[in-house]
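Enquirer: Below you'll find the structure I mean.
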Amino acid sequence: FRHVFCFHTCILIDMITQWQIEGLSWDPAECGTKKISLPREKIWIPDIVINEFMDENRAPETYYVYVTNTGLVLDGRPFHVISSCRLDIYTFPFDFQNCTYTFNSYKHSLEQIFKNSLEAMTTKGEWELIDMRAEKPVQLFLEGGWDNLIIYIVLRRRATLYVVNLLIPSSFLLSVDLFSFLLPPQSVDRASFKMTLILGYTVFLLLMNDLLPVTGNNLPLINVFFSLCLALMVASLLETILITNILYGSRDLPPLPKWLRILVLKYLSTFYKNTMTDNAMTDIPNKELVGASPVRVWEHFEEHFSNENRTDDWFMFGQVVDRVLFIMYSLFIVVSLSTIMVLWLYSYSLDKRS
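Counting with my numbering, you get residues -15 to 338 for the letters of the sequence shown.
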């Protein structure tokens, strides 16, 4: 089975049927071959139809069947089945799908046509056949009856392609955004780096959009994961803009409120160790103070140290807030991604049991 997304389920089925023609045989040593091909119109073909067809069969026609020297006829015929199999893509790409297909024949019994059919069915491509069971109800038609074979198929998507191309790159980009907090907050390079990262992730989502499902009854958890990653990157950029504005504009800001100064610099400062050295005395412009009165000198020193203390308070405030937001950002990533993983595993286990 090969599956593509559309408004209905589109499945390519390679159905191989075989039957025995009594009395037909030849000697391979005398004829020189064990198998020949014959046109379909020259030999009897069982009338097998699929009730779930919602459109005509657009699969390529096969014009020949193979006949062996023992009278065994092999017929491989593709079907392009468009049916209304409902998709539950909540756990995409770790999802299971349950589909029903009804095979019937208007002329012959199921024992003649579908012998050993369950053992012969396999899957290819994106889907893996997990389980398949058949029921045989009998429907009356006029005075006689005709047989149905209802096959219930459980398919599991092979998720390796989506894990490698979608989940792992997204996790790497989110990790890079997390470690970008190690860049100095007073540097403009951090904001530029985060904006480049957001732009790259947006382009990545646009390029990988074709791999995501476009139909389904529920919003897939993988879409929530991508939206969460993008939202976290944007929140990280906004935090960087806030901290950079505080650090660069600290000279123009009013004095830090006393309650905020106590809260941040006394209690929250344990998350950040200040390594600044006090070199305020070396930066005092004192040439203009030569010959000035003692009162003028004192006023100048008082104004200078007041401005320096205010700037240092805001600078320290920005550093501490940056570290606190980094810790909160890390905890939120761990909690949110763990929640998504738990929902993924829980839904996957329910689908597997059902």
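The beta-carbon is built from N, C-alpha and C at its ideal position, and this holds for glycine as well.
(1) Would you mind working out which of T228, R61, Q303 and Y146 sits nearest P44, comparing C-alpha positions?
(2) To the nearest angstrom, report how far apart G16 and Y85 are at their CA atoms.
(3) Among residues of its own chain, excluding the 5 on either side of L158, which ones have a beta-carbon nearer than 8 Å to its beta-carbon?
(4) Grab me the residues of L8's own chain with a C-beta within less than 8 Å of its C-beta, minus the 5 sequence neighbours each way, in chain order.
(5) When burial is assigned at 16 or more other CB atoms within 10 Å of the CB, is M300 buried or exposed?
(6) Within 10 angstroms of the Cβ of G184, are there 16 or more other Cβ atoms? Answer buried if so, exposed if not.
(7) Select from I225, T1, Y232 and S314 the residue whose C-alpha is nearest the C-alpha of V49.
(8) So, with DSSP's three-state summary, where would you put N193?
(9) What's the C-alpha gap between V308 and R70?
(10) If you drop the 5 nearest sequence neighbours on each side, which residues of the same chain put their C-beta closer than 6 Å to that of W10?
(11) If distances are taken between C-alpha atoms only, which option among A143, S331 and P30 comes closest to I5?
(12) Take the Cβ of D79 as the centre, count every other Cβ of all protein chains shown within 10 Å, and call the residue buried at 16 or more, exposed below.
(13) Please list, in chain order, all residues of the same chain as D339 whose beta carbon is under 6 Å from its beta carbon, the five residues on each side excluded.
(14) Given a threshold of 16 other Cβ atoms within 10 Å of its Cβ, counted over all protein chains shown, does M178 qualify as buried or as exposed?
(15) With C-beta atoms as the reference, is L195 less than 8 Å away from L162?
(16) Identify whether I152 lies in helix, strand or coil by the three-state DSSP scheme.
(17) Helix, strand or coil: how does DSSP classify K18 here?
(18) According to DSSP, simplified to helix, strand and coil, what is E346?
(19) Would you tell me roughly how many angstroms separate the C-alpha atoms of I152 and Y47, rounded to the nearest one?
(20) Based on the DSSP secondary-structure assignment, which residues constitute the bridge partners of P23?
(21) Leaving aside the five residues before and after L221 along the sequence, list all residues of the same chain whose C-beta is less than 8 Å from its C-beta, in chain order.
(22) Out of V147, L113, V304 and D72, which one is the CA nearest neighbour of V198?
(23) Sorted by chain position, which residues of the same chain lie with C-beta nearer than 6 Å to L139's C-beta, five sequence neighbours on each side aside?
(24) Helix, strand or coil for V304 per DSSP?
(25) Roughly how many whole angstroms lie between the Cα atoms of I225 and I206?
(26) Flag this pair as yes or no: are the beta carbons of S331 and Y74 separated by less than 8 Å?
(27) In three-state terms, what does DSSP make of A104?
Expert: Reading it off the structure:
(1) R61
(2) 42 Å
(3) C213, L216, M217 and I317
(4) V51 and G55
(5) buried
(6) exposed
(7) T1
(8) helix
(9) 47 Å
(10) N53
(11) P30
(12) buried
(13) Nothing about residue 339 can be read from this structure; the chain reaches only from -15 to 338.
(14) First, the residue type needs correcting, since residue 178 is Lys and not Met in the sequence shown. By the 10 Å Cβ count, K178 comes out buried.
(15) no
(16) helix
(17) coil
(18) An answer regarding residue 346 cannot be provided, because it is not within the stretch -15 to 338 covered by the chain.
(19) 46 Å
(20) Y48
(21) A175, K178, M179 and I182
(22) D72
(23) Q81 and W111
(24) helix
(25) 29 Å
(26) yes
(27) Residue placement at A104 is flagged as unreliable, the pLDDT there being 49, under the threshold of 50; a coordinate-derived value is accordingly withheld.
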